[in-house]
Structure formats: structure tokens, C-alpha cells
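S.K.: Following this message is one structure expressed as C-alpha cells.
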Amino acid sequence: MKILAVDYGDARTGLAMCDRTEFLASPIGIIEEKSMPKVAEKIVYAAREYEAQMIVIGLPLNMDGSEGPRAEKTRKLAGVLHNILPLPIELWDERSSTVSAANILSDNGTYGKKRKEVLDAVAATVILESYMAFRANQKKQQN
Numbered sequence: 001m002k003i004l005a006v007d008y009g010d011a012r013t014g015l016a017m018c019d020r021t022e023f024l025a026s027p028i029g030i031i032e033e034k035s036m037p038k039v040a041e042k043i044v045y046a047a048r049e050y051e052a053q054m055i056v057i058g059l060p061l062n063m064d065g066s067e068g069p070r071a072e073k074t075r076k077l078a079g080v081l082h083n084i085l086p087l088p089i090e091l092w093d094e095r096s097s098t099v100s101a102a103n104i105l106s107d108n109g110t111y112g113k114k115r116k117e118v119l120d121a122v123a124a125t126v127i128l129e130s131y132m133a134f135r136a137n138q139k140k141q142q143n
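Under full-length UniProt numbering, the first residue of the sequence shown carries the number 1, and numbering increases by one thereafter.
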């Protein structure tokens, strides 16, 4: 199943996509937009362009598992998308995804402006890889 992952942010929203086999997740870009309706519109466009069959949105929980204002905004975005797109939409715990993405970029020697340009898309990829691992584990348990 082709899954589109979203790392929703105040100024930038990262996007990642996996192949139909759910083996490989790749960053596909960022949306530089602050308006939630415009972000939603661009996510819908990306979902259609990449033929997504599902959307996974990173849910920014606090480290203790509680939800704050950022999680509330993310839930609102999920609701907006749910009203527009006839696709399953999942919220997925994204704790530490940006930290993991920053570490990946550091390991690859990506710093400065280039890092800022790709960080959110890499974070979306981290979210998607985590979700794909969960789905693979669920399939193993069912067999």
C-alpha cells in the first residue's frame, strides 16, 4: 500500500512516501506554509499526485505521552483531511522523530541551509518507517 507520511509543523510540513510493498520510505519534499487550509490543500495534491492509499500524520505527543497544543493542531489537520480525502488517515506517535532526523542528517554531513531544507521531510520519513515497521510486525503476528 502506498502511504503518505506527514510531519506537520508551524512553518514547514515534511512529506514522505513509501512504495507499494511498504519496504522503502523516501522523503518527497516539504510544504512551506503556515495556513492550515493551504497545508491541507497541498497534502491533498501530493496524495493524489503520488497515488497514496493512506495518510499517516505524526502526532507530537509530550515525552510523558500527554497531548499539548501542537497535538491538538495536528488532530484538527487530520479532521480537515478526513473531510476532503476518501483515504484512511492514521495519527502516529512521532516523539523524537525530528531528533532522529537531525541525527541522520548529521551522520551524513548535512548542515546549515541544506539541513533546514530537508529536516522535516526526513522526519516524515522517520515517522513512516516507524509506522511501516509496526504494520510489518502486525502482519507477522497475524500469520
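We put the CB at the ideal spot given by N, CA and C, even for glycine. The structure displayed is predicted, hence computed values, not measured ones.
Starting from the C-beta of R70, find all residues in its chain whose C-beta is less than 7 Å away, skip the five residues before and the five after it, and write them out in chain order.
M.R.: Along the sequence shown, read from residue 1 onward, the residue named residue 70 stands at position 70. So the list reads P60, once near-sequence residues are dropped.
S.K.: Should T74 and I57 be called a contact, given that it needs their Cβ atoms to be closer than 8 Å?
M.R.: As a first step, residue 74 must be located in the sequence shown, where it is residue number 74. As a first step, residue 57 must be located in the sequence shown, where it is residue number 57. Cβ atoms of T74 and I57: closer than 8 Å.
S.K.: If we count the other Cβ atoms within 10 Å of its Cβ and call it buried at 16 or more, is Y45 buried or exposed?
M.R.: Looking up residue 45 in the sequence shown gives position 45. Exposed is the call here.
S.K.: Throw me the rounded Cβ distance for the A16 and A121 pair, which I believe falls under 8 Å.
M.R.: Here residue 16 is taken as the residue at index 16 of the sequence shown, counted from 1. Here residue 121 is taken as the residue at index 121 of the sequence shown, counted from 1. Their Cβ separation, rounded to whole angstroms, is 6 Å, which keeps A16 and A121 in contact under 8 Å.
S.K.: So, at 7 Å on beta carbons, what are the nonlocal neighbours of D93 in its own chain, with the 5 sequence-adjacent residues on each side left out?
M.R.: Your numbering for residue 93 matches position 93 in the sequence shown. Result list for D93: L59, L61, in chain order.
S.K.: What residue range is occupied by the uninterrupted beta strand (DSSP E) comprising A67?
M.R.: One-based indexing of the sequence shown puts residue 67 at position 67. The amino acid at residue 67 is misidentified as Ala; the sequence shows Glu. No beta strand (DSSP E) holds E67; DSSP gives it neither H nor E.
S.K.: Measuring only the C-alpha atoms, how far is V118 from R95?
M.R.: Start at 1 with the first residue of the sequence shown, and residue 118 comes out as number 118. Start at 1 with the first residue of the sequence shown, and residue 95 comes out as number 95. Computed Cα separation, rounded: 18 Å.
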